[in-house]
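In what follows, a single structure is set out as structure tokens and then discussed.
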Amino acid sequence: MKSFITITILASSVLPAARSSLLNLKSMVETVTGRNAILSFVGYGCYCGLGGRGLPMDEVDWCCHAHDCCYQKLFDLGCRTYVDHYDYTIENDTDIVCSELNQTECDKQTCECDRSVVLCLQKQTYREEYRNYLNIYCQGPTPNCSIYEPPPVPP
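Next up, the structure:
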């Protein structure tokens, strides 16, 4: 599921005035990491972007795998993780705070998924050699999402 950043491209180009969690994620990534979310992370490794298979290439790729799993769990619970909007703030350019004003449990959990991946990406070393990595080279067993606990709270 390399979908989070790929869909961000679509959402930001097709719906520039719309409000969605993917636009929130794009903004979070760019503010906290200082990198262009689309140019830096779409197609990075085996999990950042559309689809995903094999073992993640490095710690950045593991961040994307964990985010894919987080979104999948919410999707399985009926959340619309790609389109629902949530409120958040960023303090001191690095501290992401999901707002108490988020009305639904899905909004709250989606914000937490996005917050987690951005903080994860911020801590890791970005490797240019994994940028625009061809997915056909991703090999090995696909890690099971059950390695990430605890699961999201149902809405």
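Note that the sequence shown covers residues -20 to -1, 1 to 135 in mature numbering (1 follows the signal peptide of the UniProt record, and there is no 0). C-beta atoms are modelled at their ideal positions from N, C-alpha and C, and glycine is treated no differently. Note that this is a predicted model, so its numbers are computed, not measured.
Could you tell me the boundaries of the alpha helix (DSSP H) in which Ile18 lies? 17 to 21
Does the segment 43 to 58 come close enough to the segment 94 to 109 that 3 or more CB-CB pairs lie under 8 Å? yes
How about Thr90 and Tyr66: do their beta carbons lie closer than 8 Å? yes
Looking at the structure shown, is Cys59 part of a helix, part of a strand, or coil, going by DSSP? coil
Decide yes or no for the touch test of the segment 22 to 38 against the segment 56 to 64: beta carbon pairs closer than 8 Å, at least 3 of them. no
Please classify residue 150: is it buried, with 16 or more other beta-carbons within 10 angstroms of its beta-carbon, or exposed? With the chain covering -20 to 135 only, the question about residue 150 has no answer from this structure.
Which residue from Asp41, Leu5, Gly34, Lys53 puts its Cα closest to that of Arg111? Relative to the Cα of Arg111, the nearest Cα in the group Asp41, Leu5, Gly34, Lys53 belongs to Asp41.
Just grab the DSSP bridge partners of Asp75 for me. Glu71
Between which two residues does the alpha helix (DSSP H) holding Asp87 run? From DSSP, the alpha helix (DSSP H) with Asp87 extends over 85 to 103.
Hey, could you find the ends of the alpha helix (DSSP H) Ser1 is sitting in? 1 to 13
Neighbour-count burial assignment, Pro36, 16 or more Cβ in a 10 Å radius: buried
Spatially closest choice to Asn72 from Thr11, Leu2, Ser7, by CA coordinates: Thr11
Would Tyr62 and Ser79 qualify as a contact pair, given that the criterion is a beta-carbon distance under 8 Å? no
Count the other CB atoms within 10 Å of the CB of Glu92; is the residue buried (16 or more) or exposed (fewer)? Glu92 is buried by the Cβ-count criterion.
Taking the beta carbon of Gly120 as the centre, do at least 16 other beta carbons fall within 10 Å, making it buried, or is it exposed? exposed
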